[in-house]
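Undergrad: One structure is given below, represented as structure tokens, and several questions about it will come after.
Numbering (our numbering), first residue to last: 2 to 210.
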């Protein structure tokens with residue numbers, strides 16, 4: 002567990018193991034952290050039901066050509082970090098004061114990170130590029146969890162908005178919430194996030210750092 006100094010200074014409980022309330026680290030590789038003294042009749046929680054979840058994915062692909070270029074993962078964008086790569090990845094949304102109106106109960110957080118990996122970081126030991134080298138951005142996938150309203154990727158140099166999605170009642174803003182009970186439209190659940198994509202000729206070019 003590790004947050005940037007800037008994010009840790011906010012006192013977010015997910016930045017310290019002693020105050021970590023739970024998240025993806027509690028449920029990895031078939032290991033689940035449960036308070037067996039209060040939640041189970043025996044240490045193995047044998048009375049608890051085991052759910053089987055089935056997921057279906059559809060992949061589309063095109064055959065490569067001589068002009069096909071290789072892709073690489075970006076060095077951003079984790080709001081809990083400021084350097085290349087990920088830091089804590091997850092964090093807690095602080096509770097609003099009692100009596101606060103919904104319109105006044107909005108949590109906003111931001112950070113600035115390098116776009117591409119380059120030499121000189123413990124997280125980029127195999128990087129061969131200099132920070133001043135250019136990289137083309139061809140794909141950006143916003144990532145939000147339930148209750149998220151919007152997410153924006155901005156060029157910190159020009160202040161130009163590169164990619165933006167937001168929630169709307171009719172789900173046309175790129176952040177889609179369910180309204181019913183049908184599969185894929187479950188009320189109250191985050192059921193869709195749009196991506197931002199650019200072709201090789203229209204990709205925006207930035208310094209890696």
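Idealized CB from N, CA, C, for every residue including glycine. Being a predicted model, the structure only gives us computed values, none of them experimental.
Return the chain-ordered ranges of every beta strand (DSSP E) run that is complete within the stretch 127-193 and spans a minimum of 3 residues.
TA: Segments of the beta strand (DSSP E) lying fully in the stretch 127-193: 135-138, 151-155, 162-168, 175-178.
Undergrad: Do residue 81 and residue 16 count as a contact pair if the criterion is CB distance below 9 Å?
TA: Counting from 1 along the chain shown, the entry for residue 16 is found at position 15. Counting from 1 along the chain shown, the entry for residue 81 is found at position 80. Cβ distance < 9 Å, so residue 16 and residue 81 count as in contact.
Undergrad: Is the separation between the beta-carbon of residue 209 and that of residue 65 shorter than 9 Å?
TA: The residue labelled residue 209 in the question sits at position 208 within the chain shown. The residue labelled residue 65 in the question sits at position 64 within the chain shown. No, the Cβ-Cβ distance between residue 209 and residue 65 is not below 9 Å.
Undergrad: Determine contact between the stretch 87-99 and the stretch 173-190, defined as no fewer than three beta-carbon pairs at a distance below 8 Å.
TA: No, they do not touch.
Undergrad: My output table needs one value for residue 28: the three-state DSSP class, helix, strand or coil.
TA: Numbered from 1 along the chain shown, position 27 holds the residue referred to as residue 28. Correct three-state label for residue 28: strand.
Undergrad: Alpha carbon to alpha carbon, how far is residue 74 from residue 108? Give it in angstroms, no decimals.
TA: Locating residue 108 in the chain shown gives position 107, counting from the first residue. Locating residue 74 in the chain shown gives position 73, counting from the first residue. Whole-angstrom Cα-Cα distance: 28 Å.
Undergrad: Anyone know if the C-beta pair for residue 131 and residue 120 falls short of 9 Å?
TA: Along the chain shown, read from residue 1 onward, the residue named residue 131 stands at position 130. Along the chain shown, read from residue 1 onward, the residue named residue 120 stands at position 119. Taking 9 Å as the Cβ cut-off, residue 131 and residue 120 qualify as a contacting pair.
Undergrad: Can you round the beta-carbon distance between residue 174 and residue 168 to whole angstroms, since I take them to be within the 8 Å contact cut?
TA: Working through the chain shown from its first residue, we reach residue 174 at position 173. Working through the chain shown from its first residue, we reach residue 168 at position 167. The Cβ separation is near 6 Å, so the contact holds.
Undergrad: Specify the secondary structure class of residue 16 as computed by DSSP and reduced to three states.
TA: Counting from one through the chain shown, the residue named residue 16 turns up at place 15. Three-state DSSP puts residue 16 in a helix.
Undergrad: If I follow the unbroken alpha helix (DSSP H) through residue 8, where does it start and stop?
TA: What you label residue 8 is simply residue 7 of the chain shown in a count that begins at 1. First-last of the alpha helix (DSSP H) with residue 8: 6-9.
Undergrad: Mind checking whether residue 199 and residue 135 have CB atoms under 9 Å apart?
TA: Reading the chain shown from its first residue, position 198 is the one you call residue 199. Reading the chain shown from its first residue, position 134 is the one you call residue 135. Taking 9 Å as the Cβ cut-off, residue 199 and residue 135 do not qualify as a contacting pair.
Undergrad: Which residues mark the beginning and the end of the alpha helix (DSSP H) in which residue 37 is found?
TA: Counting from one through the chain shown, the residue named residue 37 turns up at place 36. Note, residue 37: alpha helix (DSSP H), 37-40.
Undergrad: Label residue 88 either buried or exposed according to how many other C-beta atoms from any shown protein chain fall within 10 Å of its C-beta, with 16 as the threshold for buried.
TA: Residue 88 sits at position 87 when you count from the first residue of the chain shown. Under this definition residue 88 is a buried residue.
Undergrad: Mind pulling the alpha helix (DSSP H) runs of 4 or more residues that sit fully within the stretch 26-105?
TA: For the stretch 26-105, whole alpha helix (DSSP H) runs of length 4 or above, ordered along the chain, are 37-40.
Undergrad: Could you have a look at residue 114 and say whether DSSP puts it in helix, strand or coil?
TA: Position 113 of the chain shown holds residue 114. Here residue 114 sits in coil by DSSP.
Undergrad: When you compare only the Cα positions, how much space is there between residue 128 and residue 69?
TA: Within the chain shown, the letter at position 127 stands for residue 128. Within the chain shown, the letter at position 68 stands for residue 69. Residue 128 and residue 69: Cα-Cα distance of roughly 21 Å.
Undergrad: Go to residue 206, then tell me how far its beta strand (DSSP E) extends in each direction, as first and last residue.
TA: To locate residue 206, count along the chain shown from 1; it is residue 205. Residues 205-208.
Undergrad: Take residue 195 and list the residues in its own chain whose beta-carbon comes closer than 6 Å to its own, dropping the five residues that flank it on each side.
TA: Your numbering for residue 195 matches position 194 in the chain shown. The answer, listed in chain order, is 166, 175.
Undergrad: Using the Cα positions of residue 155 and residue 79, report the straight-line distance between them to the nearest angstrom.
TA: Against the chain shown, residue 155 aligns to sequence position 154. Against the chain shown, residue 79 aligns to sequence position 78. Cα-Cα distance, rounded: 13 Å.
Undergrad: Could you work out which residue in 52, 34, 55 is closest to residue 45 when comparing CA atoms only?
TA: To locate residue 45, count along the chain shown from 1; it is residue 44. Of the listed residues, the one whose Cα sits closest to residue 45 is 34.
Undergrad: Helix, strand or coil: how does DSSP classify residue 198 here?
TA: Numbered from its first residue, the chain shown carries residue 198 at position 197. Reduced to three states, the DSSP call for residue 198 is strand.
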